[in-house]
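Below is one structure, written out as structure tokens; comments come after it.
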Amino acid sequence: MACYMQGLAETRAELRALGIVDPILKEAPVDDVLCAQVSAAPHISHWADFSAFQQSLETAVPIVDTYLMAVGAAKQISASKTPKLHDLLMARPMGEQMLRYVGDWRPDGLVRAPAVPEPVGAIIRARLMAAAMVEDHENTEWLKRIVAERGWPKRSDVGDDAAGEAWLLVQHADADPAFQLAVLRAMEPLVPSGDVSQTDYAYLYDRVMLKITGKQRYGTQAICDKGRRLSQPLEEEKAVNRLRAAVGLAPVAEYLAEMDKSLGRCQSGER
Numbered sequence: 009m010a011c012y013m014q015g016l017a018e019t020r021a022e023l024r025a026l027g028i029v030d031p032i033l034k035e036a037p038v039d040d041v042l043c044a045q046v047s048a049a050p051h052i053s054h055w056a057d058f059s060a061f062q063q064s065l066e067t068a069v070p071i072v073d074t075y076l077m078a079v080g081a082a083k084q085i086s087a088s089k090t091p092k093l094h095d096l097l098m099a100r101p102m103g104e105q106m107l108r109y110v111g112d113w114r115p116d117g118l119v120r121a122p123a124v125p126e127p128v129g130a131i132i133r134a135r136l137m138a139a140a141m142v143e144d145h146e147n148t149e150w151l152k153r154i155v156a157e158r159g160w161p162k163r164s165d166v167g168d169d170a171a172g173e174a175w176l177l178v179q180h181a182d183a184d185p186a187f188q189l190a191v192l193r194a195m196e197p198l199v200p201s202g203d204v205s206q207t208d209y210a211y212l213y214d215r216v217m218l219k220i221t222g223k224q225r226y227g228t229q230a231i232c233d234k235g236r237r238l239s240q241p242l243e244e245e246k247a248v249n250r251l252r253a254a255v256g257l258a259p260v261a262e263y264l265a266e267m268d269k270s271l272g273r274c275q276s277g278e279r
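All you need for the working numbering is the position in the sequence shown, starting with 1, plus 8.
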């Protein structure tokens with residue numbers, strides 16, 4: 009907890025330096041990878057004693073190690089063969105996407121993972137989450153160097169597909185809200201010319217401002233409440249569909265229904 013609070017204090021200081029007077033940072037992760045990994049550990053209530061934990065571990069570890077080896081192999085195979093920024097951006101998200109798609113590890117998840125007893129699943133999910141945190145941190149540091157050297161990747165420079173992958177990386181840079189905010193500000197003047205997708209900007213705006221202020225503008229961030237997907241708090245609830253239409257997004261009700269269709273049943277606490 010001390011590590012987490014220190015991380016929040018440092019992030020708040022960074023945001024104040026960027027002009028955010030009172031950043032909320034509700035449930036925001038911190039940029040200390042080890043601290044974040046510790047927070048991913050499964051709760052001891054899954055096991056009656058240490059012997060039971062060891063038995064679950066013996067089953068879970070080979071499964072996770074095999075999958076992480078596959079992630080590493082996929083990253084090697086898909087790695088860019090050229091120094092072109094387009095190619096580098098296209099290859100970069102492979103690892104984090106593989107970890108995210110299987111992160112919930114359940115038979116009815118995005119990837120139909122093999123069924124395992126819940127105590128085993130808890131260990132698998134914890135290790136995959138910890139690995140994803142490392143992947144996100146490495147991707148964020150890499151992207152920060154790219155942005156510092158070349159500015160935000162424009163669609164006219166790297167193509168629509170690679171610009172979309174750059175957006176994906178910053179969208180998942182949740183442990184560094186100050187960097188996300190700096191990118192959001194860099195993207196904003198590029199929207200009118202089409203060098204940044206309106207939709208990408210809207211999604212990042214919601215992701216960043218929800219953490220910083222507690223409210224979003226376009227209703228892209230949802231939460232599950234008693235089995236239903238709902239938009240998280242909005243800046244202007246009555247204007248949200250008009251604002252969404254202006255950036256090419258469908259009405260909130262259609263968006264949430266599509267999420268239910270593509271992601272499956274809604275689970276409490278899901279983002």
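Where a beta carbon is used, it is the ideal one built from N, C-alpha and C, also for glycine. Quantities reported herein were computed from a predicted structural model and do not represent experimental measurements.
Proximity of the region 103-120 to the region 152-161 falls short of the contact definition, fewer than three beta-carbon pairs being nearer than 8 Å. For the region 198-274, the full-length alpha helix (DSSP H) segments reaching 4 residues or more read 206-221, 248-254 and 260-271 along the chain. At the C-beta level, His180 and Val41 stay beyond 7 Å of one another.
Here the C-alpha atom of Leu23 lies approximately 34 Å from the C-alpha atom of Leu76.
The shortest C-alpha to C-alpha distance from Gln45 to any of Val142, Thr67, Ala171 and Ala130 is the one to Val142. Sequence-distant partners of Tyr209 (beyond 5 residues in either direction) whose C-beta falls short of 8 Å from its own C-beta, in its chain, are Leu192, Met195, Glu196, Val199 and Val255. In the three-state scheme derived from DSSP, where H, G and I count as helix and E and B as strand, Met98 is classed as helix. Taking C-alpha positions only, Gln63 is separated from Pro125 by approximately 11 Å. In this structure, the beta-carbon distance from Ile32 to Gly222 falls below 7 Å. Per DSSP, reduced to three states, the secondary structure at Thr148 is helical. Within the model, the alpha-carbon separation for Ala170 versus Ala253 is close to 25 Å. In this structure, DSSP gives His54 a helical state, which the three-state scheme calls helix. Ser53 and Val128 have their C-alpha atoms spaced approximately 13 Å apart. Between Lys162 and Asp214, the CB-CB gap reaches or exceeds 7 Å. Excluding its 5 nearest sequence neighbours in each direction, Cys11 has C-beta neighbours in its own chain below 7 Å: Asp40 and Cys43, listed in chain order.
Ala183: not part of any alpha helix (DSSP H); DSSP gives it neither H nor E. In the DSSP assignment, Asp169 falls within the unbroken alpha helix (DSSP H) covering Asp168 to Gln179.
The residue among Leu176, Ala78 and Ala87 with its C-alpha nearest the C-alpha of Ala139 is Ala78. DSSP places Arg20 inside the alpha helix (DSSP H), whose first and last residues are Ala10 to Ala25. Counting along the chain, Ala49 sits inside no alpha helix (DSSP H), nor does DSSP assign it H or E at all. By the Cβ-count criterion, Ser239 is buried, with 16 or more other Cβ atoms from all chains shown falling within 10 Å of its own Cβ. Taking a C-beta distance under 7 Å as the contact criterion, Val72 and Ile132 qualify as a contact pair. With 16 or more neighbouring CB atoms inside 10 Å of its own CB, Val248 falls in the buried class.
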